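To keep things clear, I will list the structure first and then write my remarks on it.
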Amino acid sequence: MSRLDGGLIDRSRTLSFTFDGRRYVGHPGDTLASALLANGVRLMGRSFKYHRPRGVLTAGSEEPSALVELRSGARREPNTKATVTELYDGLDAMSQNRWPSLKFDALGVNDFVSPLFAAGFYYKTFMWPKAFWEKLYEPAIRRAAGLGRLSMEPDPDSYDKGFLHCDLLVIGAGAAGLVAALTAARTGKRVILADEDFRLGGRLLSESHTLGDAPATDWLAGREAELSSLPNLRIMRRTTVFGAYDHGIYGAVERVGDHAPDASNGVRQTLWRITARRTIMATGATERHIPFANNDRPGIMLAGALRAYANRWAACPAGRVAIFTNNDDGHRTASDLAAKGVEIAGVIDTRADAQPLGDYPVFPGAVVTGSKGRLGLNSVEITQEGRTQTLTCGALGVSGGWNPNLQLASHHRGRPVWSEEKLAFLPGEGGPRGLVPAGAANGEGSTGGALSSGARAAQAVLADLGVDAAMPELPEAEDTPIKQSAFWYVPGTARAWVDFQNDVTVKDIALAHQENMRPVEHLKRWTTLGMATDQGKTSNVTALAIMAELTGRSIPETGTTIFRPPYTPVSLGVLGGGDTGAEFRPLRLTPTHEWAKARGAPFTEVGPWMRAQYFPRPGETHWRDSVDREVLATRAGVGICDVTTLGKVDVQGADALEFVNRLYCNGFKTLKVGMVRYGLMLREDGIAMDDGTCARLAEDHLVVTTTTSQAGPVYRHMEFARQCLWPDLDVQLISTTDAWAQLSVAGPHARRLLERVVDGVDISNDACPFMSCRELTVCGGLRARLFRISFSGELAYELAVPARYGGALMDRLVTLGEDLGATPYGTEALSVLRIEKGHAAGNELNGQTTAQMLGMGRMVSNKKDSIGAVLSRREGLCADRRTLVGLQAMDAGAKVTAGAHLLSDGAEERTEMDEGWISSACHSPHLGVGIGLGFLEDGARRMGEVITAANPLEGQSTRLRVVSPHFIDPDGGRVRD
Amino acid sequence: MTDLIPSLALGGDAPRAFDAGAIHLAENPGFGIASVALRRNCPPPTPFGVPLPGTAEFTEAEHGLALWTAQNQWMLLAPGRAEEDFAGAVKVEAPGTSVTEQTDAWAVIEIRSSDGEGPITALLEKLVDLDPATLGPGRVVRTGLAHQSVYVLRRNAAELTVLGMRSAGASLWNALETAAAQLAAVRYS
Amino acid sequence: MLIPHPLLGPRDAQEFTYLGDAKLLDRPDGMAPGAAEAFFEYLYLRDNRAGVHEELWFHEQGDRAILLVTRDTTTHEILGAVLARDAVLSRTGDGT
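In structure tokens, the structure reads:
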């Protein structure tokens, strides 16, 4: 109930903090939990289901009960463990899960109707009447559920990430870990030592043992000094290694700024990816408790935690305490607290042959059978040889034995193994390769044992790496074996808690057993034991032991669940590694981006690219104003569009042409130098993959284009073909998408405009016919490539120049072409133009269509072996009679919707009547009506027919006429002009 | 020569520069760049008189840098030759190989530490998942950095050069700036 | 996961794109009789073994090499990796 002497706190400085609106004082070195205990505060929260008053149970990250809301405003964080929250000046915390206050919680009524909330209740309740679920039960449960509250505001903190590589990762800086790190670092190997605590030392900080006749802190200070001096050793405090992944890769979170009032340099937490050649898991052990009737009152905690608060934090929740234990370790708490002047009401030891460690009352062969003090422990009832008595005390330390923290060792399925000798699970075989347990995590928890274990583990892993490490000098340390008994819980009729956070009792486990939920995985999920944020660290093994007893089997026979990352909860913010906001992923900008931005163009995301949608002119108020204008202007004069984003692959080598001939389904053997050909690539299963053009710039030099979104996959496909299918071909590939700015110049005045930029080269129709290409220079000597190809159906070219000149070239063309009506156009007009022309694009090549459906069935050559040709001819694909058609709205105002499904006129709107779908749609300014492209059963033979486009999701239905997909210039005269 | 005015990869009016503590970033738009790939039965050339580097290495000579990029494939960077047909010049230096212009495929960012190796190591730790031992002076690696694919060259203990694809140059610059600024604000004892 | 690139040493799997079963290397002859059946098997039939498995990885964020990797699918242990190109050439001769 106040501060004791000693402790690792800095009494020269005072920190002020608030809890539930009341101000308190603590010291640097305190946690929120230790400072509250030192201020006489035992009541810290309300339990999840029953809203029972709760205090702190532990002194570490295994804490299930003392969960608070830390900070306020946008940085408010729920479910923060008071036991690992470093105290800082101005810390502001609130208790959770209670209304209106911690002392008077209205939902405490749940406790009194608790039989309704037994394990599995939600599988049996809230079912009747059915209608009540949505309106009443679910909203009510939602309001009552959960523990803390989110701020609901965007996270203002920034996060970071980093990558570390080392020879040895030591997880845990207690006795074993420190010695292991020292042993290894002295060899010069690269070592990382990580500990979740803000101080190194682990349990050494909480025990009163001496090391070599001096306090443990002296020895620690010496070791820390040496460790800090080694340049090849990186010490990471406040860093939790939360997961063991493949091949020695570990995930860790470093709490950089959580302990500071304002996050230092803005970074709150850092996500570290550590690749280690070897790892030592020196993660220590966690104490287990012994369930008894009403064992969850504020003031009842683990004996080791009571001892830690006294030794490390000079805090004790009461002036008079009792201990309940089934092993020798519980007596240490009595001895240490007595040494600090705390009155020991007695040690209740389940073993008849219990031996005290000092001059305090002992009750051998006794158990605790009850407690009193709803808002704070007042007394416990003990039963010895059938007789009961009451012991007055304000705190009870419970010791049921220690469980190695072996979670990381089972992240790769390695099942822990039960040791009857140690009455604990130990790391088993099949753990992550290269990971070796040491110290208490390996069942070697005595101080002397841990020190020696750490050194030996380091020597073993270093020997594995071919290094001879010297055994360090180890101080004299206690090494007494702890005698313990397999006493798991006190039977009785009143509720006895096993999992404090999810409010699971011994009765619930018995109920699960009764309902035949006996395998460990069923027990867990039926009762929710072990499923809270503490992941059952203080309850799993006890629950298993209870289930084993109920089923009459041994613990190994009952089994255990395996653990998955994260070891302790990790915030989503840090998993993002700092990539948030507009820059959360890379953006790709086209060469004309700045130019377009200056002209007020809005941009659309096309994968990672930002592309200009249209170029609004003063007076235009709706996007259709701009887009319609751009489309009309292009077909009437000349339009210019940045098409840089389409993939470009440079293909060279003696066998370049043969190579592309095997990739495209249509023939390329006859492609002459200086010519371009349209190419369709199929997937090996016969489905259309991508289309584009292939230009033959020289005998052994081709440029293959792809659609924007398929640039990556097609390049990958080409490399696969080159390296794996035909490695004997002499062909080399380089992606050149970024290197060249590419502008489409389209419209009846396209040639006239280009003549104004091309340097002294004849680009007349004869010299530069449709589907030709050549290298030349523009604008006074700039190297360029001209391709006469058309996506729009107009007389068109694509002009490529080095990307740094793309913006300037666009500007030049628009300026020089003013009298020709030169109009920049964006993705919207680009789309309208190609739909009007009937050109397939990404929507038509969606991975579900074949060459046959696209109307290109005859393009698939049967005179050569090309990717996909064979399977494109299989019955199943050929049986699909849907083919590409044009669709035109019957009414001027009607909207044609891409995605709508096509049905015969008058057919019922059911899936069975589905005859196709609309793949692309737009308003055609030339036709003055909505149009689309789509796939329709037997489309070629239904020209002129009126069908229905159904859009049941939005409750729409439109009548459309089936027409040729070539709305504009169906004979193709313009492109050849 | 053309009267068109070129733009900078990072979108500014002048090459971008940024200083944060000991780290200095600078955009370098002046390199002429071309890739060279061997064809079948083609012996490795010695463009500009210098043999091409071995796996994961780069050479630096009077004419510029040569980077190993893949088996039988390299990339040449010549300072100050961005406005020329550098690929054409390389074709002459490396006959019988496949040469591809790459000058405007890349944004080139040079990173210098004015405090020795430490800041460079710290920067690499934040940005790339690579064992620093594999990135000593003279080594080049292509890897992921801020979710994009980049080349990282260790020019010497205190200098790195990063090549990222030109179109994503601004995002790369932003990632490097942020990392450098965060480092400058932190002190590692 | 770390993939032991034969030229570059161990590199993180994030630099790679998984392409599929190494069976993809055995592409049938599209002009030979029975090609349809052969391609069906090539594309769709897989042993799907729990244990040692051969597969292809594309070093997309690296040197763009395709690696033939031998990996145990139950433990993720990688037993070896070679350049796919070399593996194919050594099966069929040097391809000249």
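Residue numbers (full-length UniProt numbering), protein chains in the order written: chain A, 1 to 977; chain B, 1 to 189; chain C, 1 to 96. Backbone N, C-alpha and C fix where the C-beta goes; we use that ideal spot for every residue, glycine too. Note that this is a predicted model, so its numbers are computed, not measured.
For Y151/B, DSSP records a beta bridge to R142/B and L163/B. For D655/A, no Cβ of chain C is located within less than 8 Å of the residue's own Cβ. Positions of the alpha helix (DSSP H) runs, each at least 4 residues long and wholly inside the stretch 157-217 of chain A, are given as 175-185 in order along the chain. Each of A477/A, A282/A, A469/A and Q355/A was checked against the Cα of A214/A, and the nearest Cα belongs to A477/A. Scanning the stretch 9-54 of chain A from its first residue to its last, the whole alpha helix (DSSP H) runs of 4-plus residues come out as 32-38. Going by C-alpha positions, D30/A is about 31 Å away from T183/A. S167/B does not reach chain C, its nearest Cβ partner there being about 16 Å away, counting only Cβ pairs nearer than 8 Å. Between I280/A and L168/A, the beta carbon gap of about 7 Å places them in contact (Cβ cut-off 8 Å).
Taking a cut-off of 8 Å for Cβ pairs, the stretch 275-292 of chain A and the stretch 598-615 of chain A do not touch, as fewer than three such pairs fall below it.
Counting along the chain, D625/A sits inside the alpha helix (DSSP H) bounded by residues W623 to A636. Around the Cβ of A303/A, a 10 Å sphere holds 16 or more other Cβ atoms; the residue is buried. Between G62/C and T70/C, the gap from beta carbon to beta carbon reaches 8 Å or more.
When the Cα atoms are used, L451/A and F19/A turn out to be separated by approximately 39 Å. Taking CB atoms only, F39/C has a neighbour in chain A less than 8 Å away.
Excluding its 5 nearest sequence neighbours in each direction, M853/A has C-beta neighbours in its own chain below 7 Å: D880, R882, T883, L884 and F935, listed in chain order. In the DSSP assignment, S957/A forms a beta bridge with A950/A. Taking the Cα positions, A318/A is about 7 Å away from C393/A. Inter-residue distance for M31/C and D865/A is about 6 Å (C-alpha atoms, whole angstroms). Buried is the label assigned to D104/B, since at least 16 other Cβ atoms lie within 10 Å of its Cβ. Spatial neighbours of A654/A in its own chain (CB-CB distance under 7 Å, excluding positions within 5 residues in sequence) are listed in chain order as D700 and D730. Of all residues in the stretch 42-54 of chain C, none is placed with a Cβ closer than 9 Å to any Cβ belonging to chain B. The alpha-carbon of A469/A is positioned some 29 Å away from that of M1/C. Under the three-state reduction of DSSP, N327/A is assigned to strand.
For P364/A, the pairing in a beta bridge is given by DSSP as D349/A.
Shown in chain order are the members of the stretch 44-75 of chain B whose Cβ falls below 7 Å from a Cβ of chain C: T55, A56, T69, A70 and Q71. Checking the DSSP bridge columns, you'll see L91/A partnered with F17/A. Comparing alpha-carbon positions, the option among A354/A, T388/A, N442/A and A424/A lying closest to G177/A turns out to be N442/A.
Fewer than three pairs of CB atoms, one per stretch, sit closer than 8 Å, so the stretch 14-25 of chain B makes no contact with the stretch 86-100 of chain B. Listed along the chain, the chain A residues whose CB falls inside 8 Å of the CB of F58/C are R716, E719 and F720. If you check each beta-carbon in the stretch 675-700 of chain A against every beta-carbon of chain C, the ones closer than 7 Å belong to E684 and D685. Straight across, the Cα-Cα distance linking V758/A with D811/A is about 15 Å. Residues of the stretch 65-78 of chain C whose Cβ lies closer than 8 Å to any Cβ of chain B, in chain order: A65.
Among the CB atoms of chain C, none fall inside 8 Å of the CB of C773/A. Contacts between V870/A and chain C, judged by CB atoms closer than 7 Å, involve G30, A35, A36 and F39 in chain order. Using a Cβ-Cβ cut-off of 7 Å, V88/C is close to C724 and P727 of chain A, given in chain order. Looking at the DSSP output, S735/A shares a beta bridge with V649/A.
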